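Heads up, the thing below is written out as structure tokens.
Residue numbers (our numbering): 1 to 321.
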């Protein structure tokens, strides 16, 4: 087997005869032996080589072919760089809009509070609709109980009205959960804008390093317990009903598979509760809604920390089961 020195000597002796060729190549085989020539054997073509001129001077290098894994990794890095560039451009555009829309922090806060008040108004309207539905359900339940005591059954129309009212109540609480989640999104969005506005004001230049926005998934709404799945909700449902019954001072009016409801508060010192199982877009939740009498004293009762903690501790209670 020729040595490296011998191979180089042979190449130099042959160089004048090969001068007409455009370039020579140097490569290494699997045994580490260096070879010279104008063409590379196919089995070494993908492993990289050095280009040299007729005087034996290296004039260039051809890198080895990348593996499929390396090619895929480079493509992914390029994709990430392009995505990062896009995010930076979008952030700069948002920054320009932010500075154009608002002159002071107070302007931004005023817009935020206005949007939150709009959603609050929608929630209050839905609550009033739910109150009417609950009154209707109470009437239907009383008729059903009277019929049962008299040995009769509700006719088809009455039974359909009863089930439809339950479904409307469930849908109404689903709407409220969505609106509460919307309030959290609005607050988070404007809090982020407010912080960004302050940063931009401090820099004077108007642009600072991009901060990647957080990607929300399921928003956790106060009083809404997020189940792992429908079976998990079904297992916790009896415990949720017991917790609700233990923490209010009104009698149980409805106890069904998806709605648990106590009588509406008739006095300023009474608290009523509606517990509902909600399923939407694959998300399963149990929602606890507390209400007091719609009077000055009743609203003061619901503002007390001891009452507010009932809804807050509801989540902790179910998490501990």
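Quick reminder that beta carbons are idealized off the backbone N, C-alpha and C, glycines included.
Note that the coordinates shown come from a computational prediction; the quantities given were computed from them, not determined experimentally.
Looking only at its own chain, which residues have a Cβ that is under 7 Å from the Cβ of residue i, when we skip the five neighbours before and after it?
{"i": "residue 250", "result": "262, 263, 265, 270, 271, 272"}
{"i": "residue 147", "result": "153, 154"}
{"i": "residue 304", "result": "none"}
{"i": "residue 321", "result": "236, 239"}
How far does the alpha helix (DSSP H) with residue i in it extend, from its first residue to its last?
{"i": "residue 296", "result": "296-303"}
{"i": "residue 172", "result": "156-203"}
{"i": "residue 67", "result": "Careful: residue 67 lies outside any alpha helix (DSSP H) and carries neither H nor E."}
{"i": "residue 142", "result": "105-149"}
{"i": "residue 242", "result": "230-246"}
Please check the pair residue i and residue j, which I expect to be a contact at CB under 8 Å, by giving their CB distance rounded to whole angstroms.
{"i": "residue 318", "j": "residue 236", "result": "5 Å"}
{"i": "residue 166", "j": "residue 259", "result": "6 Å"}
{"i": "residue 197", "j": "residue 108", "result": "6 Å"}
{"i": "residue 116", "j": "residue 140", "result": "Residue 116 to residue 140, Cβ: 36 Å. No contact."}
{"i": "residue 288", "j": "residue 223", "result": "5 Å"}
{"i": "residue 275", "j": "residue 244", "result": "5 Å"}
{"i": "residue 133", "j": "residue 168", "result": "5 Å"}
With a threshold of 6 Å on Cβ separation, who are the neighbours of residue i within its own chain once the five nearest residues in sequence on each side are excluded?
{"i": "residue 22", "result": "Any reading at residue 22 must be qualified, since the residue scores a pLDDT of 47, below 50, and its modelled position is unreliable; the value itself is stated next. The answer is none, since no qualifying residue turns up."}
{"i": "residue 119", "result": "179, 182, 183"}
{"i": "residue 247", "result": "310"}
{"i": "residue 302", "result": "292"}
{"i": "residue 137", "result": "165"}
{"i": "residue 81", "result": "none"}
{"i": "residue 58", "result": "50, 52"}
Return the bridge partner residues of residue i from the DSSP annotation.
{"i": "residue 27", "result": "35"}
{"i": "residue 279", "result": "284"}
{"i": "residue 57", "result": "BP columns for residue 57 are empty, so no partner."}
{"i": "residue 99", "result": "Answer by DSSP bridge pairing: none, since residue 99 is not bridged."}
Nearest CA to the CA of residue i: which residue from the options?
{"i": "residue 313", "options": "229, 290, 71", "result": "290"}
{"i": "residue 279", "options": "172, 90, 139, 69", "result": "172"}
{"i": "residue 187", "options": "110, 122, 156", "result": "110"}
{"i": "residue 225", "options": "33, 99, 189, 277", "result": "277"}
{"i": "residue 29", "options": "123, 107, 44", "result": "44"}
{"i": "residue 24", "options": "33, 267, 275, 37", "result": "37"}
{"i": "residue 241", "options": "255, 320, 228", "result": "255"}
{"i": "residue 95", "options": "33, 195, 296", "result": "195"}
{"i": "residue 220", "options": "253, 185, 193, 281", "result": "185"}
{"i": "residue 113", "options": "189, 60, 135", "result": "189"}
Considering just the uninterrupted stretch of the beta strand (DSSP E) at residue i, what are its terminal residues?
{"i": "residue 255", "result": "252-255"}
{"i": "residue 224", "result": "224-226"}
{"i": "residue 52", "result": "49-52"}
{"i": "residue 259", "result": "259-262"}
Given residue i, which residues of its chain have a CB within under 8 Å of its CB, disregarding the five upstream and five downstream residues?
{"i": "residue 208", "result": "Low local confidence applies: a pLDDT of 43 at residue 208 is under 50, so the model's placement there is unreliable, and no value is given."}
{"i": "residue 129", "result": "172"}
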